[in-house]
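**Q** Below you'll find the structure I mean.
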Ligand SMILES: Cc1cc2nc3c(=O)[nH]c(=O)nc-3n(C[C@H](O)[C@H](O)[C@H](O)COP(=O)(O)OP(=O)(O)OC[C@H]3O[C@@H](n4cnc5c(N)ncnc54)[C@H](O)[C@@H]3O)c2cc1C
């Protein structure tokens, strides 16, 4: 996805990226942004009040409108209110996130923008055990400064 | 369309009152509020305080120099890359931050597996290596664990802390999970659901896959501990007051405990 592909986007903020420097808010500063409390998820996971308080405090430091209900329905309603031509959001591995994006795409294009990666590496990784993953990942986990120079 | 929720609060107490009214079911389940505040400002303040060298030397101790950054990382308030860069800026040689960076690697690893597994993370990835079948494990968590009245001072304190603060040290998570699965023979899924309800950093990937690692459905052997290990890394704070000291469920060598807990397992305690 190329950023700035939309002229009147909204930003959808979700629980895996409550960061004012997240990729969607960075790509579209000033765009109307929305958070939706997923009422079904809160019940399904029996989320306790203390988690809600913690997340609400995170939201209060972000430039977002806060609503609740069915996430896709509310995000699309918000997009219509702003006559948006697209929805920008940050990536997430969650299957629920993917399902919501699929529903949004029925009405509007969605740009899923990557969060800054931990590893400066896009090649193959063996995920069977942590030790196998780390055998490769360690070389790329230290950002610009490699830990072990080739000697 | 629903209306906007409030954003203006004079104090934290006012926010909490508002959320109690807005989310009465969550408040009825467990009305506690953690002292840990959300938000980027608090996250950055905590990031300033990390000490990667002391972390490496003390992280296994309950009072060690762990970062308490997990709720912020879990919700992307801070990215792993930001935390890594902050850790590297705090040391002279990158190797001095290696332990902390490798722990961040665990999160990256679990997230990559989640991308691949999706909701399969709720299923046993492999059979238990305990000599028991999955069907031998109870599907519900016993009340005495949830309510913190097993009589074991350590376990009861971990249970209460989980509920009151939404945080447990990594070692406490491992001990509590091992107690649930191996001493009480409860399916890891029941424990994982309990943790996700309360942990401010509750994350389906890190949580479920760590439970599976303890249970042995995602590792070569079950994780267990003994009283000596717990006493050492807690500096004895629970054992000292425990009425069961010297005769608790965790007494014995690893070999003895392994034989007692897993009489039908093939292989050894190793
Ligand atoms: C049974 C069990 C359940 C767990 N559930 C969760 C969970 O729901 N969410 C969660 O974030 N972590 C979970 N962990 C991993 C770990 O216990 C916590 O991340 C850590 O204790 C958080 O405290 P800290 O921020 O002070 O950690 P630090 O030791 O200071 O580590 C820094 C950061 O590295 C990451 N990290 C460190 N260790 C691990 C690990 N083993 N796995 C994944 N990430 C790690 C975390 O993001 C953490 O904030 C679980 C571990 C166990 C054994």
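Protein chains in written order, with the working numbering: chain A, 1 to 151; chain B, 1001 to 1270.
Ideal Cβ placement from N, Cα and C applies to all residues, glycine included.
(1) Please report whether the beta-carbon of residue 1106/B lies at a distance below 8 Å from any beta-carbon of chain C.
(2) How about residue 1174/B: is its Cβ closer than 7 Å to a heavy atom in ligand 1?
(3) Which residues in the same chain have their Cβ closer than 6 Å to the Cβ of residue 1009/B, if we skip the five residues on either side of it in sequence?
(4) Buried or exposed: where does residue 41/A fall if 16 or more other Cβ atoms within 10 Å of its Cβ makes it buried?
(5) Using a C-beta to C-beta distance shorter than 7 Å, which residues of chain A count as neighbours of residue 1071/B?
(6) Looking at residue 1111/B and residue 1177/B, is the spacing between their C-beta atoms short of 8 Å?
(7) Please determine whether the Cβ atom of residue 1235/B lies at a distance below 7 Å from any heavy atom of ligand 1.
(8) Which residue from 130/A, 90/A, 5/A and 73/A puts its Cα closest to that of residue 23/A?
(9) In the structure shown, what three-state DSSP assignment does residue 66/A receive?
(10) Rounding to the nearest angstrom, what Cα-Cα distance links residue 1156/B and residue 73/A in this structure?
(11) Is residue 1103/B close to chain A, meaning its C-beta is less than 8 Å from at least one C-beta of that chain?
(12) Taking a cut of 9 Å between CB atoms, which residues from the segment 1126 to 1141 of chain B lie near chain A?
(13) Output needed in chain order: residues of the segment 1186 to 1197 of chain B with a Cβ under 8 Å from some Cβ in chain A.
(14) Quick one, which residues of the segment 39 to 51 of chain A are near chain B if we go by CB-CB under 8 Å, in chain order?
(15) Please check if any C-beta of chain A sits within less than 8 Å of the C-beta of residue 1181/B.
(16) Does ligand 1 have a heavy atom nearer than 7 Å to the CB of residue 1107/B?
(17) Can you give me the C-alpha to C-alpha distance between residue 1197/B and residue 1041/B, rounded to a whole angstrom?
(18) Based on Cα-Cα distance, which residue from 123/A, 26/A, 128/A and 75/A lies nearest to residue 105/A?
(19) Starting from the Cα of residue 132/A, find the closest Cα among 1123/B, 1037/B, 1167/B and 1109/B and give me that residue.
(20) Sort out for me which residues DSSP pairs residue 1203/B with in a bridge.
(21) Tell me which residue opens and which closes the beta strand (DSSP E) that residue 9/A is part of.
(22) In angstroms, rounded to a whole number, what distance separates the CA positions of residue 146/A and residue 135/A?
(23) Check whether the Cβ of residue 1067/B sits closer than 7 Å to any heavy atom of ligand 1, and report yes or no.
(24) May I ask which residues mark the beginning and end of the alpha helix (DSSP H) holding residue 1176/B?
(25) Apply the 10 Å Cβ neighbour rule to residue 1082/B and answer buried if 16 or more other Cβ atoms are within range, or exposed otherwise.
(26) Could you check if residue 1238/B is buried or exposed, using at least 16 other CB atoms within 10 Å of its CB as the buried criterion?
(27) To the nearest whole angstrom, what separates the beta carbons of residue 54/A and residue 1031/B, a pair I think is in contact under 8 Å?
(28) I need the straight-line Cα distance from residue 1007/B to residue 1022/B, nearest angstrom please.
(29) Leaving out the 5 sequence neighbours to the left and right, which residues in its chain are closer than 7 Å to residue 1070/B when beta-carbon positions are compared?
(30) Which residues of the segment 56 to 70 of chain A have a Cβ closer than 7 Å to any Cβ of chain B? Give them in chain order.
(31) Consider the Cβ of residue 16/A: report whether some Cβ of chain B lies at a distance smaller than 8 Å.
(32) Report whether the distance from the Cβ of residue 66/A to the nearest heavy atom of ligand 1 is below 7 Å.
(33) Could you check the C-alpha separation between residue 1074/B and residue 1149/B for me, to the nearest Å?
(34) Can you determine whether any heavy atom of ligand 1 sits closer than 7 Å to the C-beta of residue 1214/B, and answer yes or no?
(35) Does any residue of chain A have a CB that is nearer than 8 Å to the CB of residue 1054/B?
(36) Note down, in chain order, every chain A residue with its Cβ under 8 Å from the Cβ of residue 1005/B.
**A** To lay it out plainly:
(1) Given the protein chain composition of this structure (A and B), no chain C is represented.
(2) In the second chain, counting from the first residue as 1, residue 1174/B sits at position 174. True, at least one ligand heavy atom lies under 7 Å from that Cβ.
(3) Locating residue 1009/B in the second chain gives position 9, where the first residue counts as 1. Only 1015 meet the Cβ criterion.
(4) Locating residue 41/A in the first chain gives position 41, counting from the first residue. Classified as exposed, residue 41/A has fewer than 16 neighbouring CB atoms from the shown chains inside 10 Å of its CB.
(5) The residue given as residue 1071/B occupies position 71 in the second chain. Result: 54.
(6) Here residue 1177/B is taken as the residue at index 177 of the second chain, counted from 1. Here residue 1111/B is taken as the residue at index 111 of the second chain, counted from 1. Not in contact: residue 1177/B and residue 1111/B (Cβ atoms no closer than 8 Å).
(7) If you number the second chain from 1, residue 1235/B lands on position 235. Residue 1235/B Cβ: outside cutoff for every heavy atom of ligand 1.
(8) As a working note, residue 23/A is residue 23 in the first chain. The candidate whose alpha carbon is nearest that of residue 23/A is 90/A.
(9) Here the question's residue 66/A lines up with position 66 in the first chain. Of the three classes helix, strand and coil, the one that applies to residue 66/A here is strand, per DSSP.
(10) Here residue 1156/B corresponds to residue number 156 of the second chain, with the count starting at 1. Here residue 73/A corresponds to residue number 73 of the first chain, with the count starting at 1. Whole-angstrom Cα-Cα distance: 43 Å.
(11) Stepping through the second chain from its first residue, residue 1103/B is reached at position 103. Answer no: the Cβ-Cβ gap between residue 1103/B and chain A never drops below 8 Å.
(12) Taking a C-beta cut-off of 9 Å against chain A, none of the residues of the segment 1126 to 1141 of chain B qualify.
(13) Of all residues in the segment 1186 to 1197 of chain B, 1193, 1196 and 1197 have a Cβ within less than 8 Å of some Cβ in chain A.
(14) Of all residues in the segment 39 to 51 of chain A, only 42, 43, 45, 46, 47, 48, 49, 50 and 51 place a beta-carbon less than 8 Å from a beta-carbon of chain B.
(15) The residue you call residue 1181/B lines up with position 181 of the second chain. Not a single CB atom of chain A sits nearer than 8 Å to the CB of residue 1181/B.
(16) What you label residue 1107/B is simply residue 107 of the second chain in a count that begins at 1. Taking 7 Å as the cut-off, one finds at least one heavy atom of ligand 1 near enough to the beta carbon of residue 1107/B.
(17) Position 197 of the second chain, counted from the first residue, corresponds to residue 1197/B. Position 41 of the second chain, counted from the first residue, corresponds to residue 1041/B. In a straight line, the C-alpha of residue 1197/B is about 25 Å away from that of residue 1041/B.
(18) Working through the first chain from its first residue, we reach residue 105/A at position 105. Considering only 123/A, 26/A, 128/A and 75/A, the residue with the shortest C-alpha distance to residue 105/A is 75/A.
(19) Position 132 of the first chain, counting from 1, holds the residue named residue 132/A. Out of 1123/B, 1037/B, 1167/B and 1109/B, 1109/B has the C-alpha closest to the C-alpha of residue 132/A.
(20) Numbered from its first residue, the second chain carries residue 1203/B at position 203. Answer is none; residue 1203/B lacks a bridge partner.
(21) Indexing the first chain from 1 puts residue 9/A at position 9. It spans 9 to 12 - the beta strand (DSSP E) in which residue 9/A sits, taken as one unbroken run.
(22) The residue labelled residue 146/A in the question sits at position 146 within the first chain. The residue labelled residue 135/A in the question sits at position 135 within the first chain. Residue placement at residue 146/A is flagged as unreliable, the pLDDT there being 48, under the threshold of 50; a coordinate-derived value is accordingly withheld.
(23) Mapped onto the second chain, residue 1067/B falls at position 67. With a cut-off of 7 Å, the C-beta of residue 1067/B is classified as near ligand 1, since at least one heavy atom of the ligand falls inside that distance.
(24) Numbered from 1 along the second chain, position 176 holds the residue referred to as residue 1176/B. It spans 1170 to 1178 - the alpha helix (DSSP H) in which residue 1176/B sits, taken as one unbroken run.
(25) Numbered from its first residue, the second chain carries residue 1082/B at position 82. The residue in question, residue 1082/B, is buried, as its Cβ has 16 or more Cβ neighbours within 10 Å.
(26) On the second chain, residue 1238/B is found 238 positions in, with the first residue counted as 1. The residue in question, residue 1238/B, is buried, as its Cβ has 16 or more Cβ neighbours within 10 Å.
(27) Numbered from 1 along the first chain, position 54 holds the residue referred to as residue 54/A. Numbered from 1 along the second chain, position 31 holds the residue referred to as residue 1031/B. So it is not a contact: roughly 14 Å between Cβ atoms.
(28) What you label residue 1007/B is simply residue 7 of the second chain in a count that begins at 1. What you label residue 1022/B is simply residue 22 of the second chain in a count that begins at 1. Cα to Cα, the separation comes out at about 13 Å.
(29) Translated into positions along the second chain, residue 1070/B becomes position 70. Only 1201 meet the Cβ criterion.
(30) Those would be 56, 57, 58, 60, 61, 65, 66, 67, 68 and 69, in chain order.
(31) To locate residue 16/A, count along the first chain from 1; it is residue 16. Flagged as an interface residue toward chain B: residue 16/A, by a C-beta distance shorter than 8 Å.
(32) To locate residue 66/A, count along the first chain from 1; it is residue 66. Answer for residue 66/A: no, Cβ out of range of ligand 1.
(33) By 1-based counting over the second chain, the position of residue 1074/B is 74. By 1-based counting over the second chain, the position of residue 1149/B is 149. Pairing residue 1074/B with residue 1149/B, the inter-Cα distance amounts to about 30 Å.
(34) Here residue 1214/B refers to the residue found at position 214 of the second chain. Residue side-chain check: residue 1214/B places its Cβ nearer than 7 Å to a non-hydrogen atom of ligand 1.
(35) Taking the first residue of the second chain as position 1, residue 1054/B is located at position 54. Output row for residue 1054/B: interface = no.
(36) Residue mapping note: residue 1005/B aligns to position 5 of the second chain, counting from 1. 37, 66, 67 and 68, listed in chain order.
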